[in-house]
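Chains as they are written, first to last, in the numbering used here: chain A, 1 to 234; chain B, 1 to 288. Have a look at the structure below, then the notes.
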Amino acid sequence: MLRIEGVDAVYGPVKALSDANLQIGKGELVGLLGANNAGKSTLMNVLSGIVPTAAGRVFFEDEDITKASARRRVEMGIVQVPEGRLVFPQMSVRENLLMGGMNASARPKRAEGIARVCELFPRLAERLDQHAGTLSGGEQQMLAIGRGLVAGARLLMLDEPSLGLSPLFVKYIFEIIDKLHKDGLTILLVEQNLNLTLRFANRCYVLERGHIVVEGTADQVRDDPRTRSAYLGL
Amino acid sequence: MDELLQALAQGLLIGSTYGLLALGMGLIYSVSGIVNFSHGDFVSLGMYLCFALFGALALDPYVSLAVTLPVMLIVGALIYRFLIQPVAEAHALMVVQLTLGVALALQNGILMVFGGQPHRVPSVVEAKLVMLGNVVMRMPHVVAFVASLALATALFVVLRSTDIGRAIRAVHQNARAAALMGVDVNRVKVMTFAVGIGLLAIAAALLAPGTPLMPSMGLRYTVITLLALVLGGMTNFLGIMVAGLVIGVSEALGMIYLSDTLGMILPYAVFVLIVLFRPEGILGQSRS
């Protein structure tokens with residue numbers, strides 16, 4: 001479904017990503033692991049089109065989208081749920097979901113999308129008119145995921161969904177991710193939580209200082225000594 | 001008593017247009033974080049365009065809007081896209097410098113084209129008066145009041161309940177998240193700047209009848225706009241509108257009850273007092 005070939009990304013003089021190759025098949029849940037600053041978020045932002053691709057190419061369903069705008073990519077169904085949720089704090093839950101469905105391809109199906117999110121997250125359904133800024137961290141994460149679903153995600157990219165959540169909420173969010181995956185959604189999951197990711201992901205990539213150093217099934221990645229060193233920064 | 005009512009009426013009428021000026025600036029500020037120091041000079045540009053159209057085609061300023069509004073919308077979009085956007089990521093003072101430069105260019109451009117002597121733009125309604133009890137109101141002021149409130153209401157409705165309004169608020173609240181939702185952030189910024197300047201075309205047509213036109217008049221409108229913007233809490237649009245009315249009323253009271261020079265000071269004194277005691281803006285907490 002998604003394929004990147006030899007992708008570089010730079011922030012000024014800093015090379016945040018070099019020669020990254022990655023593939024995500026339709027219906028897969030792919031984990032992207034690595035320590036802080038390994039380039040996980042950069043890779044995700046390259047896929048979203050808000051960080052430019054300095055070299056290499058990005059394909060989505062065999063279409064070259066290397067130069068496509070962020071907006072075009074959302075319309076195609078490449079949707080990111082950013083780290084730290086980034087909900088719109090002074091908008092109601094409903095308005096946040098409506099914002100999710102702003103793009104041209106999701107807009108006609110917005111009402112159904114919101115109904116589906118309400119079914120998936122009953123807690124949000126009870127709080128549709130509440131300001132998003134007053135929600136708990138876990139509820140904001142639900143909202144951020146819901147917003148991504150209303151956007152018509154075909155590839156849902158989750159950046160650190162467990163960050164700052166209580167263990168109970170982490171478990172709940174991962175159950176939701178698992179359910180979405182089982183319902184056929186393609187997911188790219190960026191996480192620091194190694195064990196949880198390895199439990200749910202079909203395949204994983206491990207990033208270390210901008211390079212993909214390990215790739216394979218969950219078991220292969222778990223047993224690879226380079227995974228541990230990438231995490232511990234050894 | 002009649003004098004007081006007269007001053008209040010006059011102040012509210014003219015203050016509504018000040019509110020409109022400041023709403024334009026507030027819209028731009030909330031989305032792009034830009035304080036536009038050429039704001040008032042765009043008002044005078046709008047008025048001089050009315051004057052030119054009156055000279056060439058004998059158009060009433062209200063009718064001129066059919067031309068000046070699209071012109072100013074386009075000018076606004078071009079200025080943002082080609083002057084402000086290239087420096088938008090740089091230090092905030094760069095943008096301040098830039099808008100100050102635009103202000104000077106506009107002022108001197110107007111001086112070059114129209115000369116320094118005062119001009120007038122007459123309107124059919126200019127001499128008409130409206131009586132409400134013992135209060136006498138000039139027709140252009142009544143028109144300005146009704147139009148400003150209607151426009152402000154329309155702006156509130158658009159911001160509150162349309163997709164484009166939500167996109168504008170989304171860019172204000174979190175530009176990155178908005179971009180991730182497929183909002184073209186730069187386009188929203190260009191558009192709101194254009195609308196902010198377009199509102200000034202309307203404000204100019206409303207202010208033009210009966211106002212003597214001088215190339216240097218822009219500064220006064222910029223200052224009034226900044227007063228209302230800060231008093232209103234920068235991004236609280238209802239607060240900005242109320243602040244415009246407060247400035248208008250204090251100006252009118254000052255002119256009636258105090259000597260000329262002192263009267264001119266009153267709006268500023270009121271501003272300083274309110275900001276001292278309510279630094280967060282006139283309606284309490286700002287929405288940002």
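Even glycine gets a Cβ: it sits at the ideal position worked out from N, Cα and C.
Chain-ordered chain B contacts of residue i [CB-CB under 9 Å]
i        : result
A:Asn103 : Met181, Gly182 and Val183
A:Pro225 : Here the premise fails: no neighbours, minimum Cβ distance about 36 Å.
Min CB distance residue i to chain B below 8 Å
i        : result
A:Phe60  : no
A:Ile145 : no
A:Gln141 : no
A:Pro108 : no
A:Ser48  : yes
A:Tyr11  : no
Closest residue to residue i among the options (Cα-Cα distance)
i        : options                                   : result
B:Thr68  : B:Ala150, B:Pro86 and B:Leu206            : B:Leu206
B:Ile84  : B:Gly133, B:Val121 and B:Phe193           : B:Phe193
A:Leu32  : A:Leu120, A:Met157, A:Asp223 and A:Leu124 : A:Met157
A:Ala9   : A:Gly49, A:Ala20 and A:Ala54              : A:Ala54
B:Gly210 : B:Leu65, B:Val124, B:Ala77 and B:Ala88    : B:Val124
A:Val170 : A:Leu188, A:Ile50, A:Val206 and A:Leu196  : A:Leu196
B:Gln117 : B:Gly133, B:Met217, B:Leu104 and B:Ser30  : B:Met217
B:Arg220 : B:Ser16, B:Leu13, B:Gln6 and B:Gly40      : B:Gly40
A:Ala38  : A:Gly152, A:Ser162 and A:Val214           : A:Val214
A:Cys204 : A:Gln192, A:Thr217 and A:His211           : A:Thr217
B:Pro140 : B:Ala208, B:Val171 and B:Met131           : B:Ala208
B:Gly232 : B:Val275, B:Leu258, B:Val195 and B:Leu199 : B:Val275
A:Gln141 : A:Ile65, A:Gly77, A:Ile24 and A:Arg123    : A:Arg123
A:Glu191 : A:Leu97, A:Lys182 and A:Leu163            : A:Leu163
B:Leu100 : B:Val157, B:Ile34, B:Glu89 and B:Ser148   : B:Ile34
A:Arg154 : A:Lys26, A:Glu175 and A:Ala16             : A:Lys26
B:Ala201 : B:Pro86, B:Leu73 and B:Leu23              : B:Leu73
B:Pro61  : B:Glu89, B:Ala204, B:Gln107 and B:Val146  : B:Ala204
B:Ser250 : B:Gly24, B:Val63, B:Tyr268 and B:His119   : B:Tyr268
Residue i - DSSP class collapsed to helix/strand/coil
i        : result
A:Met1   : coil
B:Pro279 : coil
B:Val183 : coil
A:Gln23  : strand
A:Gly6   : strand
A:Asp219 : helix
B:Pro209 : strand
A:Gly148 : helix
A:Arg199 : helix
A:Ile50  : coil
B:Val121 : strand
B:Val130 : strand
A:Thr186 : strand
A:Glu208 : strand
A:Ile65  : coil
A:Leu32  : strand
A:Arg72  : helix
A:Asp129 : coil
B:Ile34  : coil
B:Phe237 : helix
A:Phe59  : strand
B:Ala228 : helix
B:Met137 : strand
Under 8 Å from the C-beta of residue i: neighbouring residues of chain A
i        : result
B:Asp2   : Correct list: empty, because the minimum Cβ distance to chain A is about 44 Å.
B:Ala90  : None at all; the shortest Cβ gap to chain A is about 15 Å.
B:Asp163 : Leu98, Met102 and Arg107
Residue i at chain A interface by Cβ criterion, 8 Å
i        : result
B:Asn174 : yes
B:Arg166 : yes
B:Ala228 : no
B:Asp260 : no
B:Ala177 : yes
B:Arg287 : Low confidence applies to B:Arg287: its pLDDT is 44, below 50, so where it sits in the model is not reliable, and the reading given next is rough at best. At least one chain A Cβ lies under 8 Å of B:Arg287.
Contact set between residue i and chain A, taken where Cβ atoms lie within less than 7 Å
i        : result
B:Ala170 : Phe88 and Met99
Chain-ordered chain B contacts of residue i [CB-CB under 7 Å]
i        : result
A:Arg116 : Here the premise fails: no neighbours, minimum Cβ distance about 17 Å.
A:Glu95  : Arg166
Where residue i meets chain B, residues with beta-carbon distance less than 8 Å
i        : result
A:Ala151 : Met181 and Gly182
inquiry  = Which residues of the stretch 205-216 of chain A have a Cβ closer than 7 Å to any Cβ of chain B? Give them in chain order.
reply    = Taking 7 Å as the Cβ-Cβ cut-off against chain B, none of the residues of the stretch 205-216 of chain A qualify.
inquiry  = Tell me which residues of the stretch 65-92 of chain A have at least one Cβ-Cβ distance to chain B shorter than 9 Å, keeping chain order.
reply    = Ser69, Ala70, Arg71, Arg72, Arg73, Val74, Glu75, Val79, Gln80, Val81, Pro82, Arg85, Leu86, Val87, Phe88, Pro89, Gln90 and Met91
query = the stretch 46-74 of chain B: which residues have C-beta closer than 7 Å to a C-beta of chain A, in chain order?
reply = none
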